[in-house]
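Q:
Residue numbers (my numbering): 65 to 207.
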């Protein structure tokens, strides 16, 4: 049996829900109001993909561990692929204008163009464009 995930919800702690929502709206994300209230907001990432922005106190009620101090460490890299290099730059620039911090790594990989940004809560996002037609399917598999 091969596991097939039908939906994904990434839960992210945020200090101020309204400020975080405003940041992501400026980049171009939308929110599903059915799953949004004063403690949490459901940001639509794509078809059946969501990021739940949870006020830190509410986030803490789901775990027995502390919240990562994103000024000192990364809890993960949230990576997503877009349709062109120009779209990478557009989203990246909107994120910078909205208050994000440039965390890009200098250079470009052979088949991937990407930039990294820390959002206002310190979560690291990687925006990329991959030239999938350059991959040799017999030697490389994307999982």
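The beta-carbon is built from N, C-alpha and C at its ideal position, and this holds for glycine as well. From a predicted model like this one, the values you see are computed outputs, not experimental measurements.
Check residue 133 in the structure and name its three-state DSSP category.
A: One-based indexing of the chain shown puts residue 133 at position 69. Here residue 133 sits in coil by DSSP.
Q: Taking all protein chains shown into account, do 16 or more other C-beta atoms lie within 10 angstroms of the C-beta of residue 91, making it buried, or fewer, making it exposed?
A: Taking the first residue of the chain shown as position 1, residue 91 is located at position 27. When all chains shown are included, residue 91 counts as buried.
Q: Using three-state DSSP, classify residue 144 as helix, strand or coil.
A: Here residue 144 refers to the residue found at position 80 when the chain shown is read from its first residue. Strand at residue 144.
Q: For residue 178 and residue 165, I'd like the C-alpha separation in whole angstroms.
A: Within the chain shown, the letter at position 114 stands for residue 178. Within the chain shown, the letter at position 101 stands for residue 165. About 15 Å.
Q: Got a sec? Which residues, its chain only, sit under 8 Å from residue 84 by beta carbon, not counting five neighbours each side?
A: The residue given as residue 84 occupies position 20 in the chain shown. The residues are 78, 105, 117, 183, 184 and 185.
Q: Helix, strand or coil: which one does DSSP assign to residue 103?
A: Taking the first residue of the chain shown as 1, we reach residue 103 at position 39. Of the three classes helix, strand and coil, the one that applies to residue 103 here is coil, per DSSP.
Q: In this structure, does DSSP put residue 155 in helix, strand or coil?
A: Sequence index remark: in the chain shown, residue 155 carries index 91 (1-based). Helix, per DSSP.
Q: Hey, would you say residue 76 sits closer than 8 Å to residue 132, going by beta carbons?
A: Taking the chain shown and counting its residues from 1, one reaches residue 76 at position 12. Taking the chain shown and counting its residues from 1, one reaches residue 132 at position 68. Contact: no.
Q: Note down the Cα distance separating residue 71 from residue 157, rounded to an integer number of angstroms.
A: By one-based count along the chain shown, residue 71 stands at place 7. By one-based count along the chain shown, residue 157 stands at place 93. Going by the C-alpha atoms only, they are around 29 Å apart.
Q: Beta carbon of residue 143, beta carbon of residue 111: below 8 Å?
A: Numbered from its first residue, the chain shown carries residue 143 at position 79. Numbered from its first residue, the chain shown carries residue 111 at position 47. It is not a contact, given that the beta carbons lie outside the stated cut-off.
Q: DSSP beta-bridge partners for residue 77?
A: Position 13 of the chain shown holds residue 77. 118.
Q: Check the DSSP bridge columns for residue 95 and list the partner residues they point to.
A: In the chain shown, the residue the question calls residue 95 occupies position 31. Answer is 107, bridged to residue 95.
Q: Can you name, in chain order, every residue of its own chain whose Cβ lies under 8 Å from the Cβ of residue 176, other than the five neighbours on each side?
A: Residue numbering aside, residue 176 sits at position 112 when the chain shown is read from its first letter. Around residue 176: 192, 193, 194 and 195.
Q: Alpha carbon to alpha carbon, how far is residue 128 from residue 159? Give it in angstroms, no decimals.
A: Locating residue 159 in the chain shown gives position 95, counting from the first residue. Locating residue 128 in the chain shown gives position 64, counting from the first residue. Approximately 32 Å, taken between the alpha carbons.
Q: With DSSP collapsed to three states, give me the class of residue 192.
A: Taking the chain shown and counting its residues from 1, the one referred to as residue 192 is at position 128. Note: residue 192 maps to strand in three-state DSSP.
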